[in-house]
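Undergrad: Numbering (full-length UniProt numbering), first residue to last: 1 to 480.
Even glycine gets a Cβ: it sits at the ideal position worked out from N, Cα and C.
Dropping the structure in here first, questions after.
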């Protein structure tokens with residue numbers, strides 16, 4: 001959600017009927033699809049300010065004629081930019097550049113961008129520093145009116161005396177509809193159980209699917225909370241290697257009862273599991289009887305790429321999908337969802353009742369209002385654009401000094417560095433007020449890949465710029 005920004009320092013808005021001509025040039029000789037070329041050109045034009053907020057784009061038919069391409073090419077490019085939050089549609093009047101403030105340029109540009117400043121700026125991050133560690137979203141800008149409205153609606157309802165272990169029926173309906181629209185998943189409320197977030201969902205899966213001594217696979221490197229939760233439930237945690245695309249299917253043990261994976265944006269390497277490997281992974285699960293626990297944590301944020309289908313949508317019988325509002329709205333909300341076969345959802349709800357586990361009723365009511373009124377969807381569209389700007393800045397400043405992985409989606413990238421350089425950069429960056437995370441702690445055993453996991457979700461655009469300047473200078477100095 002988003003509070004309308006101040007108009008100070010902004011260019012005058014075009015009138016509602018402003019129409020812009022697009023000097024687009026597409027190459028049929030390029031290996032890049034025409035749709036991706038067009039979407040990329042428009043995205044760059046909006047970032048550079050060549051397309052201003054409020055300007056009206058040509059109709060899909062008119063632009064298709066201008067570019068001598070099929071209308072489908074233009075329609076799909078527009079749809080991708082709608083999904084990312086770059087465009088707004090006004091019923092009966094066309095397609096417009098989203099009305100979101102373009103970031104101001106810095107007042108002073110350093111004479112040598114590689115030079116590390118003596119002292120970091122005092123604002124941003126925690127403890128006066130700049131926090132570029134992964135895992136946290138941007139929570140400072142939100143629609144306060146929508147937020148207050150949702151909580152007023154929740155306060156109007158009487159407190160419940162018997163919490164539903166499935167979650168509020170209305171919220172389950174709304175979440176099912178949200179997943180159909182956002183992830184293309186054909187689910188109903190009978191498939192949805194409302195959780196307190198991913199950790200809670202993992203624990204519920206562990207209770208239902210694992211037992212003492214059962215073997216549970218977790219990506220390596222991977223999400224340490226999954227390892228901790230499974231081990232706490234008595235399971236034997238089995239590290240499962242990943243590569244640039246995600247979990248490696250060939251060689252997966254045949255005696256795993258559960259495999260935890262992050263196919264939308266592998267944590268922390270950032271890979272997106274390709275469709276052929278998704279099919280092989282599901283075939284492995286069917287042949288072994290294993291259940292795949294799919295963490296869909298970063299699926300809402302994509303850049304330059306089309307969404308890939310969720311594993312759950314490809315085989316609902318073998319997959320449990322976990323989602324959360326911790327990245328899309330705020331960790332403090334404490335609401336997520338578990339999607340699975342109705343029989344498994346019923347079993348998990350029964351186990352949940354026995355341990356008195358529940359999700360706050362008033363919080364569920366507030367979230368239901370945000371979904372019902374479209375406030376959460378509007379917030380997502382705006383945050384896609386804000387995160388796209390931060391991601392573009394990270395790629396621009398760090399791409400020339402190191403290899404980046406996982407920059408097509410999510411809220412973090414991996415910067416590969418030599419084994420001896422990464423910890424030194426982390427230590428030196430902290431001296432300059434920039435907090436970083438290395439990949440070492442995400443491995444189950446000894447690290448095989450070295451580098452930094454750089455999060456750009458919780459830092460402001462200005463802090464991302466300053467922090468990456470510091471980091472780029474340190475990498476140049478230390479990595480040669």
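Ends of the beta strand (DSSP E) at residue 439?
TA: Where residue 439 is concerned, there is no enclosing beta strand (DSSP E), given that its DSSP letter is neither H nor E.
Undergrad: Among 304, 434, 317 and 301, whose alpha-carbon lies nearest the alpha-carbon of residue 291?
TA: 317
Undergrad: I need the straight-line Cα distance from residue 97 to residue 374, nearest angstrom please.
TA: The C-alpha of residue 374 is placed about 20 Å away from the C-alpha of residue 97.
Undergrad: For a quick check, are the C-beta atoms of residue 222 and residue 260 less than 9 Å apart?
TA: yes
Undergrad: Between the Cα of residue 286 and the Cα atoms of 254, 363, 295 and 411, which residue gives the shortest distance?
TA: 254
Undergrad: In the structure shown, what three-state DSSP assignment does residue 265 receive?
TA: coil
Undergrad: Skipping 5 residues on each side, what residues in its chain have a beta carbon closer than 6 Å to that of residue 482?
TA: No information on residue 482 is available, as it lies outside the stretch 1 to 480 that the chain covers here.
Undergrad: Which same chain residues end up closer than 6 Å to residue 76 when comparing Cβ atoms and leaving out the 5 residues on each side of it in sequence?
TA: 35
Undergrad: Using a Cβ-Cβ cut-off of 6 Å (strictly less than) and excluding sequence neighbours within five positions of residue 281, which residues of its own chain qualify?
TA: 249
Undergrad: Run through the region 383-445 for me and flag every whole alpha helix (DSSP H) of 4 or more residues, listed as ranges in chain order.
TA: 421-431
Undergrad: Any contact between the region 336-346 and the region 149-157? By contact I mean 3 or more CB pairs, one from each, below 8 Å.
TA: no
Undergrad: Hey, how far is the Cα of residue 358 from the Cα of residue 160?
TA: If you take the alpha carbons of residue 358 and residue 160, they lie about 12 Å apart.
Undergrad: Fully enclosed by the region 316-344, which beta strand (DSSP E) runs are 3 residues long or longer?
TA: 319-324 and 336-339
Undergrad: For residue 53, which option in 59, 85 and 73 has the closest C-alpha, if you only look at C-alpha atoms?
TA: 85
Undergrad: Rounding to the nearest angstrom, what Cα-Cα distance links residue 417 and residue 452 in this structure?
TA: 7 Å
Undergrad: Under the DSSP definition of a beta bridge, which residues are partnered with residue 241?
TA: Under DSSP, residue 241 forms a beta bridge with 220.
Undergrad: Tell me whether residue 69 sits in a helix, a strand or coil according to DSSP, three-state version.
TA: In the three-state reduction of the DSSP assignment, residue 69 falls in the coil class.
Undergrad: Can the beta-carbon of residue 450 be found closer than 9 Å to that of residue 440?
TA: Yes. Within cutoff.
Undergrad: Answer yes or no: do residue 189 and residue 220 have a C-beta to C-beta separation smaller than 9 Å?
TA: Annotated as distal: residue 189 and residue 220, with beta-carbon spacing of 9 Å or more.
Undergrad: What whole-angstrom Cβ distance do residue 388 and residue 298 have, given they're in contact under 8 Å?
TA: Actually they are not in contact, since the Cβ atoms of residue 388 and residue 298 sit about 13 Å apart, beyond 8 Å.
Undergrad: Tell me whether the beta-carbon of residue 179 lies closer than 9 Å to the beta-carbon of residue 323.
TA: yes
Undergrad: Does DSSP classify residue 88 as helix, strand or coil?
TA: strand
Undergrad: How many angstroms separate the CA atom of residue 481 from the CA atom of residue 320?
TA: Residue 481 cannot be examined here, being either before or after the span of the chain that is shown, 1 to 480.
Undergrad: Looking at chain C, is there any beta carbon in it that lies within less than 9 Å of the beta carbon of residue 86?
TA: The displayed structure is made up of one protein chain only, and chain C is not part of it.
Undergrad: Which word fits residue 306, buried or exposed, when buried means at least 16 other C-beta atoms lie within 10 angstroms of its C-beta?
TA: exposed
Undergrad: At what residues does the alpha helix (DSSP H) containing residue 198 begin and finish?
TA: In the DSSP annotation of this structure, the continuous segment of the alpha helix (DSSP H) that includes residue 198 starts and ends at 198-209.
Undergrad: So what does DSSP say about residue 96, is it helix, strand or coil?
TA: strand
Undergrad: Please name the residue in 257, 235 and 264 whose C-alpha comes closest to that of residue 247.
TA: 264
Undergrad: Classify residue 228 as helix, strand or coil using the three-state DSSP reduction.
TA: Here residue 228 carries a helix assignment [DSSP, helix/strand/coil].
Undergrad: Determine whether the beta carbon atoms of residue 482 and residue 135 lie at a separation below 9 Å.
TA: Given that the chain is displayed from residue 1 to residue 480, the structure contains no residue 482 and the question cannot be resolved.
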